[in-house]
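Remarks on the structure that follows.
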Amino acid sequence: MSIEMVEFFFLNTWLWGMTWGVSHVPINIIVMLALFKFVGRLKIMTAILLAFFSKVFASALYTMLVSFLVFVVKLKFIPLDNVTGIQGSNLLLACIYLGLIYSALQTIFFLIVNKFYEINLRVITLIVFVSNIISSLLVYRFLEIN
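In our numbering, each residue carries its 1-based index in the sequence shown increased by 33.
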């Protein structure tokens, strides 16, 4: 696996997230808010702030990563003309990959928050991963309906 394949993976997943997977962000905020409130037992205002700002942080960091790849590394995206010839294009995997990337980036956010405020990092990390997987499955289900 070359570094170029990893770069294309991040670029393709970001493009997926900004187009068909755009509903992942609001769905994830709602699911994470519910899990923070009922599983994490956080106050509602704290849960709202953490859910919202962790998603903003993850989206901004992911956009900066892809911008770095495009503008600094000079990664060029050349889409294929024959869309049916693309091997391994799986809707469910695209949704789950996006959720896993957001999970990793949101975990970085909570590691930073943990430096300043006392939070139960194990529970928060579990909630982040579970909420992103649930959101990915919901996005997949909504896309399958259409």
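In this text, a Cβ means the ideal position worked out from N, Cα and C, and glycines have one as well.
Which class does Y150 belong to by DSSP, given the choice of helix, strand or coil? coil
Using the Cβ count rule (16 or more neighbours within 10 Å means buried), how would you classify T46? buried
Which residues bound the alpha helix (DSSP H) around W47? 36 to 51
Residue burial classification, F142 (beta-carbon count within 10 angstroms, cutoff 16): buried
Out of L83, P59, A137, which has the shortest C-alpha to C-alpha gap to K70? L83
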